[in-house]
Amino acid sequence: MSERRGAGLFPLGALRIGPARRDHQRRLAAACLNLTSCTDMKFLFKILKYLLSAVALVLLVYVGVSAFPEPMFAHHIVYKNFDIWSDKPIPLQINQVLDDVSRRLDKSDLQDKNARYKIFFCNASWRLWLYGQHFSDQVGADADTLLTRNIYVRASDIGANRLIAPGGGALADAARRPLSYFIAHEAAHIIVARQFGRLVSIRYPLWLMEGYADYVGKGNDFDFDDNYRLFRMKSPTMDFPQSGLYRGFHLRLAVLLDKSGMTARQIFDHPPSEETMNELFENYAASRK
């Protein structure tokens, strides 16, 4: 028998794929791939657009809620230059607390005696988390120096002039930090922001911002010699990372303001360097010998 040509792998009538057809199929596959890629990219861009819009909406709502917190606090009183809001009834003893705040603020040579302060007591921890600047309910108090210049304070025993510590435990350095201290401390941040702009937290070092707020907040309730002794002993109490207290920062401001005769404006206009501060401490130590 003779072999029929075309039988076997390619039966009669089957089309052989030549080079030209293979090129056409590759171009067609590439076009499909490009179309798919373009479709995927358009889909991703659409999803990204929706996500950005959602984030912008959330930020807009948050800014709106932060800018006008009053509706979230049912109780309101006015005393002297203080506007007080709270999510619980406000005891009459708030007047004594605010009088002590005013005494402490007199320590600041930057304050405007006619300035008003808005203070919000957040007895519900979620309010402190929402309105404070750290998204935390573990802080004692917080000041919004950027947007509203409001002061937010955690749950407090106003009658006892006492801040209630997170978890109900003991408050560090409680004898020197009553409720009036925390309010005056945050008010000092507002004073600095009014004098030097809303971006003070970015412009100035932590030791200056918190040291000045502690200096004002403590009023005259700061024993310089005792704190200087602890500083010379390298006590952990004077080290902020170890203690969480601002006493070491406060000591710096006391050296600048009380021992060197500088004004707060001079310090904020030209914050001293670390080298300058070390030199001031060395000079003070030498003067005591």
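Everything in the sequence shown is counted per this note's numbering, starting at 18 for the first residue and increasing by one.
We treat Cβ as the ideally placed atom computed from N, Cα and C, and that holds for glycine.
- Collapsing the DSSP output to three states places TYR67 in a helix.
- With fewer than 16 other CB atoms across the displayed protein chains lying within 10 angstroms of its CB, PHE241 is exposed.
- Looking at GLN212, GLY81, ILE101, the one whose alpha-carbon comes closest to that of ILE168 is ILE101.
- Our two residues, SER173 and ALA158, have alpha carbons roughly 10 Å apart in a direct line.
- By the neighbour-count criterion, in which a residue is buried when 16 or more other Cβ atoms sit within 10 angstroms of its Cβ, ASP275 is exposed.
- DSSP places ASN167 in the uninterrupted beta strand (DSSP E) bounded by 167–171.
- In the DSSP assignment, ALA158 falls within the beta strand (DSSP E) that extends over 158–160.
- Excluding sequence positions up to five before and after ALA271, its CB lies within less than 6 Å of the CB of PHE241, all in the same chain and listed in chain order.
- DSSP assignment within the segment 54–136 yields the following whole beta strand (DSSP E) runs of 3 residues or more, N-terminal first: 92–96, 99–103.
- In this structure, the beta-carbon distance from ASP238 to ARG193 falls below 7 Å.
- Three or more Cβ pairs drawn from the segment 188–207 and the segment 219–235 lie within less than 8 Å of each other, which places the two stretches in contact.
- Contact check for SER83 against PHE138 fails: the beta carbons are separated by 7 Å or more.
- At a Cβ-Cβ threshold of 7 Å, GLY228 and PHE266 count as neighbours.
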